[in-house]
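Encoded as structure tokens, the structure appears first; notes follow it.
Numbering (our numbering), first residue to last: 308 to 556.
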């Protein structure tokens with residue numbers, strides 16, 4: 308059985324090698340002594356992606372960077388709920404399901420849903436991001452989920468950003484998960500895209516409570532924008548540190 312698994316992953320990774328992946332300039336040239344560790348880590352990520360058929364729904368670059376951040380966050384004990392990973396891909400238009408929640412214990416995508424971006428981030432396509440208050444723009448990067456509350460948008464979930472300059476002002480800005488009527492297939496049908504928020508990752512009203520209850524309490528959220536400056540500067544995209552933590556744990 309072990310032989311078959313190794314064979315499957317080897318064949319899968321060879322097949323996968325033709326898929327273009329985005330180079331993270333932050334990685335630089337890896338330490339030669341860590342090359343086996345990095346190879347093991349990259350093989351694990353590629354194996355997960357292929358064996359679970361994430362390619363049907365999730366961009367590989369978004370997944371790979373998310374997993375780097377996941378292990379770096381675990382290394383800093385930032386995740387109380389480390390079985391779930393939420394990936395929001397803001398390189399896609401709002402009429403697509405851009406938010407995916409993965410249960411890492413089973414490997415299954417348990418939720419794929421529509422999610423809105425901020426009104427000053429763009430119309431259909433997100434192209435502007437901010438960490439500033441009153442910008443009405445989405446922010447990018449890594450977060451962990453915190454507490455729920457009932458507010459203006461009823462049942463909502465606070466999140467804390469951990470990337471300095473990119474999202475660490477999220478709580479002060481009131482960036483939360485909440486439900487909204489403008490996040491639905493019907494809205495897309497009549498408008499060609501979703502409505503937009505004041506910067507929050509707004510969810511469909513019908514599934515908001517389920518999603519909030521699923522991810523609340525310390526799980527990881529990664530908002531992927533493809534921004535080169537962010538990819539080059541986030542300390543949570545340290546490949547070597549993520550690989551070392553993965554191999555040691």
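A virtual CB, placed ideally from N, CA and C, is assigned to each residue, including glycine.
Item, Value
"Would you mind stating whether residue 516 and residue 488 have Cβ atoms separated by less than 8 Å?", "no"
"Taking a contact to mean a Cβ-Cβ separation below 8 Å, would you say residue 365 touches residue 394 in this structure?", "yes"
"For residue 473, does the three-state DSSP call read helix, strand or coil?", "coil"
"Do three or more CB pairs link the stretch 342 to 362 to the stretch 407 to 422 at distances below 8 Å?", "yes"
"Based on Cα-Cα distance, which residue from 410, 398, 378 and 403 lies nearest to residue 436?", "398"
"Quick check on the DSSP output: the alpha helix (DSSP H) that includes residue 439 runs from which residue to which?", "Unbroken run through residue 439: none, as it is neither H nor E."
"In the structure shown, what three-state DSSP assignment does residue 489 receive?", "coil"
"Among residues of its own chain, excluding the 5 on either side of residue 534, which ones have a beta-carbon nearer than 8 Å to its beta-carbon?", "436 and 447"
"Can you name, in chain order, every residue of its own chain whose Cβ lies under 8 Å from the Cβ of residue 390, other than the five neighbours on each side?", "410, 411, 412 and 526"
"Closer than 6 Å by C-beta to residue 385: which residues in its own chain qualify, once you throw out the five before and the five after it? Chain order, please.", "451"
"In the DSSP assignment, find the beta strand (DSSP E) that holds residue 410 and state where it starts and stops.", "406 to 410"
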